[in-house]
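Chemist: Once you've had a glance at the structure underneath, I'll fire off some questions.
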Amino acid sequence: MTIVQTRPSLIERWREHLPFAEGDPIVTLLEGATALVPAPVISEMVGAEVYLKCEGGNPTASFKDRGMTCAVSAAVREGAKAVICASTGNTAASAAAYAARAGITCAVIVPEGRVAMGKLAQTLIHGARVVSIAGNFDRGLALVRELVERHPISLVNSVNEFRLEGQKTGAFELVEDMAGGPDLLCIPVGNAGNITAYWRGFCEMGVAPRLFGFQAEGAAPLVLGHPVEHPETIASAIRIGNPARGKEALAATAESGGSIRTVSDEEILAAYRLMASKEGMFCEPASSACVAGLLKYGADGASTVVCVMTGRGLKDPETAIERNDGAVISCAPDMGAIEEAVLGDA
Ligand SMILES: *Cc1c(COP(=O)(O)O)cnc(C)c1O
């Protein structure tokens, strides 16, 4: 059988900028090369050309796959038989998929009852061992960091350098697609790996857009300047109180001339509904935090802006069903009732 590979893996595409040699094992699901979609409604609202980097187009529907192809490939290269992570959901889903692909085992530590349904479904169907703790993400990360000191398991959270190496390719693609990149990058901030990775990628390409990072009000350690013991927000992917890459993220943001600021859950949800209903873009609540921030604080003179749509909306169907403005209309299966239901006053 001839296997036709329709496009290069992320590692093959950017090999000269990544720590992988020809002949190294590559674990890939053909991640990266995601779409950059114009956002006409948001553009009009903020008076700048706004584009959406649609990371939900990755194999497991979040940007985590860019980092995970590198982290799992490196783990396999080192002979690892197992990977582990703490996760609010998307890292778990991605690690589980790439571990399945590599034929190695995967365990994930998640906060009990706080993982969005789609992410949990993915992690389980890929065959990972899902361990839920009565504690938050930060506690889970502390525990797995200690666990890997005691056992030969590879840690694939964004404290793993390979994760950031892979994720910096998001910036490479923007520089390629926009001939030099945007003036301004808006991005949600949780554990702060992605904003750090984007800055690394831009620096390696010799460009320097401003970075606007956004945290949820109830989970804003980088804005407050200290860890938050009980982080709380509807946007579960950024419900993190002690970001592992916080220092680097603050340094990157300052160097870029940007900032990290907060948005409220109400603002996140308003942007979430606006994106879905007016732009046709169904993203996760965490992703819409960066649109909420752009709408709240403005483009600040930038003429081109990219908002990083970090994950796909289907990851979190409960929030979509509970927090939309519509409702399902029950109707008898006859013409009169159908006419009234379809055409009558809502
Ligand atoms: C992981 C994640 C984030 C936050 O990224 P960090 O690197 O942790 O700052 C934002 N949105 C989604 C959908 C995510 O999965």
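Residues in the sequence shown are numbered consecutively from 5, following the numbering used here. Built from N, CA and C at the ideal position, the CB exists for glycine as well.
(1) Taking the straight line between their C-alpha atoms, what separation do you get for Cys311 and Asp338?
(2) Does the region 279-287 come close enough to the region 252-264 that 3 or more CB-CB pairs lie under 8 Å?
(3) Cutting at 7 Å between CB atoms, please list the residues of its own chain near Pro3, excluding the five before and the five after it.
(4) What runs of the alpha helix (DSSP H), each 4 residues or longer, lie entirely inside the region 222-277?
(5) Rounded to whole angstroms, what's the CA-CA distance from Gly315 to Tyr276? Just pull it up for me.
(6) Just verifying my parser: in three-state terms, what is the DSSP assignment at Glu53?
(7) Can you name the residues that DSSP bridges to Pro321?
(8) Considering Cα atoms alone, identify which of His21, Thr38, Glu16 and Gly117 is closest to Val28.
(9) Can the beta-carbon of Ile88 be found less than 8 Å from the beta-carbon of Ala111?
(10) Based on the DSSP output, what are the partners of Val152 in its beta bridges?
(11) Buried or exposed for Gln9, going by 16 or more other Cβ atoms inside 10 Å?
(12) Start and end of the beta strand (DSSP E) containing Leu215?
(13) Determine, using beta carbons only, whether Arg204 and Asp187 come nearer to each other than 8 Å.
(14) Please identify the residue among Phe176, Phe24 and Ala183 whose C-alpha is closest to the C-alpha of Tyr202.
(15) Taking 8 Å as the cut-off, decide whether the C-beta atoms of Leu34 and Ala43 are in contact.
(16) Which residue marks the beginning of the beta strand (DSSP E) containing Cys335, and which one marks its end?
(17) Use the C-beta contact count for Ala406: other C-beta atoms within 10 angstroms, 16 or more gives buried, fewer gives exposed.
Modeler: With the structure as the only source:
(1) Rounded to the nearest whole angstrom, the C-alpha separation of Cys311 and Asp338 is 46 Å.
(2) Remark: fewer than three beta-carbon pairs, one from each stretch, lie closer than 8 Å, so the region 252-264 and the region 279-287 are not flagged as touching.
(3) The first residue shown for the chain is 5 and the last is 350, placing residue 3 beyond what the model contains.
(4) The qualifying runs are 225-228 and 250-260.
(5) Going by the C-alpha atoms only, they are around 12 Å apart.
(6) The three-state secondary structure of Glu53, taken from DSSP, is strand.
(7) For Pro321, DSSP assigns no beta-bridge partner whatsoever.
(8) Looking at the sequence itself, residue 28 is Asp, so the reference to Val does not match. It is Glu16.
(9) A distance below 8 Å separates the beta carbons of Ile88 and Ala111.
(10) The partner list for Val152 (beta bridge, DSSP) is empty, contrary to what the question assumes.
(11) Sixteen is the threshold: since fewer than 16 other Cβ atoms of the shown chains lie within 10 Å of the Cβ of Gln9, the residue is exposed.
(12) Start and end: Arg214 to Ala220.
(13) No, Cβ-Cβ distance for Arg204 and Asp187 is not below 8 Å.
(14) When each option's Cα is compared against that of Tyr202, the closest is Phe176.
(15) The criterion of a C-beta distance shorter than 8 Å is not satisfied by Leu34 and Ala43.
(16) Under the DSSP assignment, Cys335 falls outside any beta strand (DSSP E); it carries neither an H nor an E label.
(17) Any question about residue 406 goes unanswered here, given that the chain covers just 5 to 350.
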